[in-house]
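Chemist: For reference, the structure I am asking about is given below.
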Amino acid sequence: MRRPGLRPLRRKSLARLTFRISAPILAGALLALPGGAGAQELRSYTVVGDAIPHSLTGAPGHAGRGRALVVERSSTCILCHSGPFPEQKFQGDLAPDLTGSGSRASAGQLRLRLVDASRLNAATIMPSYYRVDGLNRVGTPWRGKPILSAEQIEDIVAYLVSLRE
Ligand code: HEC
Numbered sequence: 167m168r169r170p171g172l173r174p175l176r177r178k179s180l181a182r183l184t185f186r187i188s189a190p191i192l193a194g195a196l197l198a199l200p201g202g203a204g205a206q207e208l209r210s211y212t213v214v215g216d217a218i219p220h221s222l223t224g225a226p227g228h229a230g231r232g233r234a235l236v237v238e239r240s241s242t243c244i245l246c247h248s249g250p251f252p253e254q255k256f257q258g259d260l261a262p263d264l265t266g267s268g269s270r271a272s273a274g275q276l277r278l279r280l281v282d283a284s285r286l287n288a289a290t291i292m293p294s295y296y297r298v299d300g301l302n303r304v305g306t307p308w309r310g311k312p313i314l315s316a317e318q319i320e321d322i323v324a325y326l327v328s329l330r331e
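The numbers in this note's numbering rise by one with no breaks, and the one at position 45 of the sequence shown is 211.
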């Protein structure tokens, strides 16, 4: 006999399982891929005041991809920050809640914060996600490589800008 309730239920849990497996694999792949953040040349950027006014890639980022990056544990944001991520049970409390980031700062200010937060606060614990010079204690696999690619920075900027209060 056909049980209409069964199929969607199975599909849902399968999807959840695939996500659980693919998230760490994806994170590993991002680090290992030659086309990932690692192999790319750092693009130059200009800091104006407390901001980097222009996109690192010359193009706007994708807010949906940015959200996925922020929520993913490998980007480490939510080790320190909380935010509007109901699906994440464990969120950090070492840093301001990211809710409303787009109302508090411009895209350029958010970009500099991600690229090199230490320029804004020399004592910050927030990592410089797009900087390779002047860093201490960088593990060998990461030497000379930014933590995130220029595209990933732009995706996260696009997402943070969309967080309005
Ligand atoms: C190790 C902890 C840590 C991590 C990881 C971290 N941050 Fe932060 N972040 C901070 C702290 C602390 C501040 C507060 C200002 C300061 O100390 O620089 C901050 C400030 C910010 C701000 C400004 C918030 C405001 O309202 O003033 C934004 C936006 C932000 N972080 C985004 C991110 C994103 C996106 C990521 C991941 C790509 C991230 N942070 C990763 C610690 C962290």
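C-beta: ideal position from N, C-alpha, C; glycine also.
From a predicted model like this one, the values you see are computed outputs, not experimental measurements.
Is threonine 242 a contact residue of the ligand HEC, with contact defined as CB to any heavy atom under 7 angstroms?
Modeler: Indeed, a heavy atom of the ligand HEC lies less than 7 angstroms from the Cβ.
Chemist: With serine 269 as the anchor, note down where its alpha helix (DSSP H) starts and where it stops.
Modeler: Here the alpha helix (DSSP H) through serine 269 covers 267-270.
Chemist: Tell me whether glycine 310 is buried or exposed, calling it buried when 16 or more other Cβ atoms sit within 10 Å of its Cβ.
Modeler: With fewer than 16 other Cβ atoms within 10 Å, it is exposed.
Chemist: Can you list, in chain order, the residues of its chain whose CB lies under 8 angstroms from that of arginine 209, leaving out five sequence neighbours each side?
Modeler: Excluding sequence neighbours, arginine 209 sits near Leu222, Thr223, Ala316.
Chemist: What first and last residue would you give for the alpha helix (DSSP H) that runs through glutamate 238?
Modeler: No alpha helix (DSSP H) contains glutamate 238, which DSSP labels as neither H nor E.
Chemist: Using 7 angstroms as the cut-off, classify the Cβ of serine 267 as near or not near the heavy atoms of the ligand HEC, replying yes or no.
Modeler: Within the cutoff, so yes.
Chemist: For methionine 292, which residues from the same chain have a beta carbon less than 6 angstroms from its beta carbon, with the 5 sequence-adjacent residues on both sides left out?
Modeler: Counting only Cβ-Cβ distances below 6 angstroms, and skipping sequence neighbours, we find Ala283.
Chemist: Closest to aspartate 259 by C-alpha separation, out of Pro250, Glu253, Gly266, Leu245, would be which residue?
Modeler: Checked all of Pro250, Glu253, Gly266, Leu245; the closest Cα to aspartate 259 is Leu245.
Chemist: Taking 7 angstroms as the cut-off, is the CB of valine 236 close to at least one heavy atom of the ligand HEC?
Modeler: Valine 236: yes, Cβ under 7 angstroms from the ligand HEC.
Chemist: Is DSSP giving alanine 261 helix, strand or coil here?
Modeler: Coil, per DSSP.
Chemist: Using only CA atoms, which one of Tyr325, Glu331, Arg330, Leu329 lies nearest to leucine 235?
Modeler: Checked all of Tyr325, Glu331, Arg330, Leu329; the closest Cα to leucine 235 is Tyr325.
Chemist: Does alanine 217 come out as helix, strand or coil in the three-state DSSP assignment?
Modeler: In the structure shown, alanine 217 sits in a strand (DSSP, three-state: E or B).
Chemist: Given a cut-off of 8 angstroms on the beta-carbon distance, is the pair leucine 314 and proline 250 in contact?
Modeler: Contact flag unset, no.
Chemist: Consult DSSP for threonine 306 and reduce its assignment to one of helix, strand or coil.
Modeler: Of the three classes helix, strand and coil, the one that applies to threonine 306 here is helix, per DSSP.
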